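Notes for the one structure printed next.
2 protein chains.
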Amino acid sequence: MTAEIVSIGDELLIGQVINTNASWIGEKLTEASITVRRVTIVGDNDSNILEAFRSAFSHNDIIIVTGGLGPTHDDITRDCVATFFDTSLVLNILVLNDIKERFARFNRPVTKLNEDQALVPECAQIIRNMNGTAPGYWINKENKVFIVMPGVPREMKAMMEDFVLPGLKELKRDDTHYLKQANILTTGIPESTLFEKLGNLDELLEGAKLAFLPNYLGVRLRITVSGQEENEVADRLNEIEQKIRSRVGRYIYGKDAETLSGVVGRLLKERNLRISVAESCTGGNIANEITNHSGSSDYFERGVVAYSNAAKVEILNVDEDTLLEYGAVSKQTVEEMARGIRAISGSDIGLAISGILGPTGATNEKPVGTVYVGYADSGQVFSKEFHFGDDRLVNKQRATQAALELLRRALLGISFEP
Amino acid sequence: MTAEIVSIGDELLIGQVINTNASWIGEKLTEASITVRRVTIVGDNDSNILEAFRSAFSHNDIIIVTGGLGPTHDDITRDCVATFFDTSLVLNILVLNDIKERFARFNRPVTKLNEDQALVPECAQIIRNMNGTAPGYWINKENKVFIVMPGVPREMKAMMEDFVLPGLKELKRDDTHYLKQANILTTGIPESTLFEKLGNLDELLEGAKLAFLPNYLGVRLRITVSGQEENEVADRLNEIEQKIRSRVGRYIYGKDAETLSGVVGRLLKERNLRISVAESCTGGNIANEITNHSGSSDYFERGVVAYSNAAKVEILNVDEDTLLEYGAVSKQTVEEMARGIRAISGSDIGLAISGILGPTGATNEKPVGTVYVGYADSGQVFSKEFHFGDDRLVNKQRATQAALELLRRALLGISFEP
């Protein structure tokens, strides 16, 4: 089964809103073994929308449309759907009730504009919207499925999860082709080195597919296996993953939707350890990432963003002479910062960072991109030097990633040598 | 002139990479008064790519293709271009030299795979790649322009800015239609209230267009003016912007690509003020946003992520009795935090935040989403209470935005009452 996603809205074409809906839907369909053949974005223009509908419908089994269902004059998706299926708009009492109840809940009067959202294409089965007023549509025609949802991510996602994905999986039951993917997440190793260390790929994969997806934080390895038997496909996928782990396991921090900060948080929690963080160049971003996870107060004690030298001395007890002799961006300072934050917080681990993210601040010996990460626990204090590029915000992300990866390796006792 | 953007790559279809390239290109084309009619994403599959080329070429004056130009077997865009234009691949000596020089610079041997990247479609004018090995193509045919670039954002953006956009602007010189847009950025006011306060839109716009683009951090107002005279269009745009500012100016923090943290940083710098920040629930994200801007060390002194009560007492000198009596999430605590961070840092301003972002931590009196922001300077200490939703990461962003907006209004002396 193949699918096309049609996203509607001027704001997507002119680059004001990034089309995260299509990415999210693409991911969910892929997980459900449905092949996404194309994504099309068109603006709020009826002839362009109808052209997109025609093309999508003629080439695919499943068409998923989002956007343009709001109550204002810009929103013309509903009328285009009615035109495309040559059907009329009828009042749906259930939808009208949902809208009235929703407004009553918020103590707001129902306007005519909102009531009109209960007019829906006659051929459509309604997808209820629990998070907004515009309903979605599920239309069956010529053995194909045409689905329409609002563009508001929260509304669309709830409809997909509660109604659309279960419905599509039901359709797929008679289909005999299975496709499964796994994503192995690596960091701290260049793509070419990873490639070398994996050895003979044909032998490893035996017909399965492996894609290398590098970005500036690491390389993601996407394994794709397909076949007629669901269990066999799952077993093959698992087997390939284990082979990859046996070859490059030390660089693998997680899988699929995991994040490095989430993985590190889990490790800290499992070991019943508490951490505190002293940051200079990353300006709070390491603490920010660690605290993105619910329950992080179990293992994150405190953070200090010691941007000025005064803060390094006054809060973290870094020796003024160290700053004078070696500078704020140095092995010596970052190790004192790690020791200092550990001591003042009484945490098991102190993690510290200092660097020059650019574009200004470079010296002859320390170019933009120079970063030191320091680590202290009850048994050891050490640091590592990194060299990143010249883009400030990218460097911030890379420095944060490097610090979290250093922490992960320290927790797991993985060596830092290649 | 109309354009279509064709993005190529399986990773875009299955949701592993979000198509930020198309957004960026869409924005640049719109700025150059070129109408983006459609964006199409297809995978690494030759029949789907060729179908997308045909459709794009038949409906538009400008076609911009990105992705699939790498050296491996997955990358088939070049062959599809040659097929589509019925041309052959020829060795381009300039490209070969670029590749050789690039590898020499990094002291790496040139492989056959890399040398083959110097084979280019015969009909193409080459766009040099200063940041990678794959060249881009500019192809003129039937009064249309067909442009192909690598999918690596850094390589694509440099080619667009150095070569493609100047070339397209040259083409446009004879075109007599101008389109200009401005984006007015508001926060802290609901879309419906903003709508009411703007009054009669027909009168305000006189034929221009105004779009309301809400997200959870605020509402963006996009004004679009078009016409035959470039100066007239610019004047009309400016006039509408000034009218909007006169009606809802206090809610407007910036324009176009500005960020709230950038605006606040500029205000601090202009006034020669230094700030320090004490964060609990946002976990360092306020400091992180402030320090995203180069030169922030001029006005940002330090931050403390006082996640535990111990950190609030030990570093910020919050009274233990205050925490016991009112709790960590309270007006009293957040005001003591603001006063405390200001005192220990010697900064002009102390900003503090404490809240419950969820999903856990709620009490009967303080549901998930309850956040207090505190402010202290030499003349005043005050705080404000906010109520956000139930999504932890969204709440983190909203709480950060609310704190920065409170700071902006305090700096400008704008009242907080509606």
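Heads up: the sequence lines are chains V and D, in that order.
FYI, the numbering for the first sequence is 7 to 424, going by our numbering.
FYI, the numbering for the second sequence is 7 to 424, going by our numbering.
The C-beta atom is built at its ideal place from N, Cα and C for all residues, glycine as well.
Here the structure is a predicted model, which means the values were calculated and not measured.
First and last residue of the alpha helix (DSSP H) that includes residue i?
i                 : result
Arg251 of chain V : Glu236 to Val254
Ala405 of chain D : Arg398 to Leu418
Glu212 of chain D : That residue, Glu212 of chain D, is in no alpha helix (DSSP H); it is neither H nor E in DSSP.
Arg272 of chain D : Leu266 to Glu276
Thr199 of chain D : Glu197 to Leu204
Glu176 of chain V : Leu171 to Lys178
Asn120 of chain V : Lys118 to Glu121
So which residues on chain D does residue i lean against when the C-beta distance must stay under 9 angstroms?
i                : result
Ile68 of chain V : In chain order: nothing, as chain D lies at least about 13 angstroms away.
Val45 of chain V : Ser13, Leu18, Leu19, Asn25, Val45, Thr46, Ile47 and Val48
What are the residues that DSSP puts in a beta bridge with residue i?
i                 : result
Thr72 of chain V  : V:Ser13 and V:Met155
Ser282 of chain V : V:Arg308 and V:Gly356
Ile20 of chain V  : DSSP, once it has assigned bridges, lists no residue as partnering Ile20 of chain V.
Gln131 of chain V : V:Trp144
Leu219 of chain D : D:Arg226
Ile258 of chain V : V:Thr192
Lys390 of chain V : V:Val379
Leu56 of chain D  : Answer is none; Leu56 of chain D lacks a bridge partner.
Leu125 of chain D : D:Leu97
Ser232 of chain V : V:Leu185
Lys163 of chain D : DSSP lists no partner for Lys163 of chain D.
Thr8 of chain D   : D:Thr41
Looking only at its own chain, which residues have a Cβ that is under 7 angstroms from the Cβ of residue i, when we skip the five neighbours before and after it?
i                 : result
Val452 of chain V : No information on residue 452 of chain V is available, as it lies outside the stretch 7 to 424 that chain V covers here.
Val340 of chain V : Ala358, Ile359, Ser360, Tyr378, Val379, Gly380 and Ser389
Thr297 of chain D : Phe306
His393 of chain D : Gly375 and Thr376
Ile420 of chain V : Arg256
Arg253 of chain V : Lys203, Leu204 and Gly205
Ser302 of chain D : Gly271 and Ile296
Asp81 of chain D  : Gly74 and Leu75
Can you give me the Cβ contacts of residue i inside the same chain, cut-off strictly under 6 angstroms, excluding the 5 residues immediately before and after it?
i                 : result
Val374 of chain V : Ile362, Gly364, Ala368 and Asp396
Val151 of chain V : Ile68
Ala217 of chain D : Arg228
Glu326 of chain V : Val319
Glu161 of chain D : Asn135, Asn137 and Gly138
Ala293 of chain D : Val283 and Gly309
So the beta strand (DSSP E) residue i belongs to, where does it begin and stop?
i                 : result
Ile31 of chain D  : Segment Thr26 to Glu37 is the alpha helix (DSSP H) holding Ile31 of chain D; no beta strand (DSSP E) there.
Arg44 of chain D  : Thr41 to Val48
Leu185 of chain D : Tyr184 to Thr192
Glu371 of chain D : From DSSP, Glu371 of chain D is part of no beta strand (DSSP E); its letter is neither H nor E.
Val379 of chain D : Thr376 to Ala382
Taking C-beta pairs closer than 8 angstroms, name the residues in chain D that residue i reaches, listed in chain order.
i                 : result
Pro365 of chain V : Ser300
Glu33 of chain V  : Ile20, Gly21 and Gln22
Leu219 of chain V : Glu17, Gln22 and Val23
Show which residues of chain V have a CB atom less than 7 angstroms away from the CB atom of residue i.
i                 : result
Val170 of chain D : Correct list: empty, because the minimum Cβ distance to chain V is about 15 angstroms.
Phe306 of chain D : Tyr313
Leu399 of chain D : Asn298
Arg345 of chain D : Going along chain V, no residue has its Cβ under 7 angstroms from Arg345 of chain D, so there is no contact; the nearest lies around 17 angstroms.
Give every residue of the same chain whose Cβ lies closer than 8 angstroms to the Cβ of residue i, excluding the five residues on either side of it in the sequence, and list them in chain order.
i                 : result
Tyr313 of chain D : Ser286 and Gly289
Asn323 of chain V : Glu342, Gly346, Ala349 and Ile350
Phe5 of chain V   : Only positions 7 to 424 of chain V appear in this structure, which leaves residue 5 of chain V out of reach.
Mind listing the chain V neighbours of residue i? Cutoff is C-beta to C-beta under 9 angstroms, in chain order.
i                 : result
Ile281 of chain D : Residues of chain V passing the Cβ test: none, with the nearest at roughly 10 angstroms.
Asn135 of chain D : What Asn135 of chain D touches in chain V: nothing, since even the nearest Cβ is about 17 angstroms away.
Val319 of chain D : By Cβ distance, chain V contributes nothing, its closest Cβ being about 11 angstroms from Val319 of chain D, past 9 angstroms.
Ser39 of chain D  : Going along chain V, no residue has its Cβ under 9 angstroms from Ser39 of chain D, so there is no contact; the nearest lies around 11 angstroms.
Arg111 of chain D : Ordered by position in chain V, no residue passes the 9 angstroms Cβ test against Arg111 of chain D, which lies about 15 angstroms from the chain.
So with CB distances below 7 angstroms, who are the chain D contacts of residue i?
i                 : result
Val42 of chain V  : Leu19 and Ile20
Ala293 of chain V : Gly289, Gly290 and Val311
Asn54 of chain V  : Arg43 and Arg44
Determine the chain V residues that contact residue i at a beta-carbon separation under 8 angstroms, and present them in chain order.
i                : result
Trp30 of chain D : Gly21
Arg60 of chain D : Within 8 angstroms Cβ-Cβ: nothing; Arg60 of chain D doesn't reach chain V, min ~11 angstroms.
Quiz item: What are the complete beta strand (DSSP E) segments, minimum 3 residues, inside the segment 296 to 364 of chain D?
Solution: List check, beta strand (DSSP E) in window: 306 to 311 and 355 to 361.
Quiz item: In the segment 64 to 112 of chain D, which residue ranges form an unbroken beta strand (DSSP E) of at least 3 residues, counting only runs that do not cross its ends?
Solution: Correct list: 68 to 72 and 95 to 97.
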